[in-house]
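Numbering (the numbering used here), first residue to last: 88 to 310.
Glycine included, each C-beta is placed from N, C-alpha and C at the ideal position.
As structure tokens, this is what we get:
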């Protein structure tokens with residue numbers, strides 16, 4: 088091993104073994120992708136919360152449900168609006184059929200709202216498994232690169248008559264970069280996953296509460 092080799096950060100990366108460089112490249116790509124999904128998910132959840140807040144204000148303002156349905160169905164809805172549209176559309180369709188039992192109407196309405204609920208949660212939770220995978224796997228991938236680099240560093244000492252810290256330090260330093268990159272990829276992904284999972288759970292609770300309250304309102308109208 089050349090003791091006088093470049094010990095800068097870029098130099099350590101370019102002088103690393105091919106396996107360690109591939110590990111670093113994979114971690115770098117995972118980090119870029121996780122940051123892309125972090126910002127996308129932040130935008131999606133913020134929009135969902137804003138639209139839910141706005142719809143709740145409109146819904147509980149006391150305006151007529153038919154007028155509210157006409158307004159929400161004329162645009163691309165999401166979140167709580169989608170649940171309302173799906174449930175009220177099914178309710179109106181079944182109410183037009185004569186002789187339909189109230190329990191059947193309400194059961195079909197709840198199923199329609201539940202289907203819209205699951206579609207919305209699927210949208211909100213998309214790409215979260217990727218963040219969870221990056222957060223859990225990246226440290227181990229980085230550790231693999233570190234172990235491989237340290238093995239190469241010590242193997243190179245076999246060709247050196249007298250081993251000193253100067254001989255082994257560059258190899259260990261370039262290997263430890265893989266661990267640092269693994270943590271750099273994992274920590275933001277874990278933080279984002281935990282934060283977004285918590286926010287999605289709170290939205291899901293609000294959706295559940297709305298479906299129960301809306302079902303009670305429709306049931307009173309169906310009698």
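So what's residue i in DSSP terms, helix, strand or just coil?
i           : result
residue 161 : coil
residue 123 : helix
residue 209 : helix
residue 172 : helix
residue 147 : coil
residue 141 : helix
residue 187 : coil
residue 104 : coil
Classify residue i as buried or exposed, calling it buried when 16 or more other Cβ atoms lie within 10 Å of its own Cβ.
i           : result
residue 265 : buried
residue 121 : buried
residue 105 : exposed
residue 261 : buried
residue 139 : buried
residue 126 : exposed
residue 141 : exposed
residue 149 : exposed
residue 204 : buried
residue 187 : exposed
residue 110 : buried
So residue i and residue j are supposed to be a Cβ contact under 8 Å. How far apart are they, rounded?
i           : j           : result
residue 194 : residue 167 : About 21 Å; that fails the 8 Å criterion.
residue 298 : residue 170 : 6 Å
Kindly list the residues whose CB is nearer than 7 Å to the CB of residue i, restricted to its own chain and excluding five residues on each side of it in sequence; keep chain order.
i           : result
residue 202 : 173
residue 178 : 192, 196, 305
residue 164 : 172
residue 230 : 266, 269
Going by beta carbon distance, what residues of the same chain come within less than 8 Å of residue i, once the five residues before and after it are set aside?
i           : result
residue 176 : 156, 160, 199
residue 312 : Because the chain spans 88 through 310 in this model, residue 312 falls outside it and cannot be assessed.
residue 113 : 228
residue 184 : none
Just to confirm my understanding: we take residue i, look at its own chain, exclude 5 residues before and 5 after, and list those with CB closer than 6 Å. What are they?
i           : result
residue 277 : 222
Next item on the list: Determine, using beta-carbon pairs with one atom in the region 200-219 and one in the region 288-304, whether at least three such pairs fall under 8 Å.
Entry: yes
Check: Just checking, does the region 121-132 make contact with the region 147-160 on the three C-beta pairs under 8 Å criterion?
Finding: no
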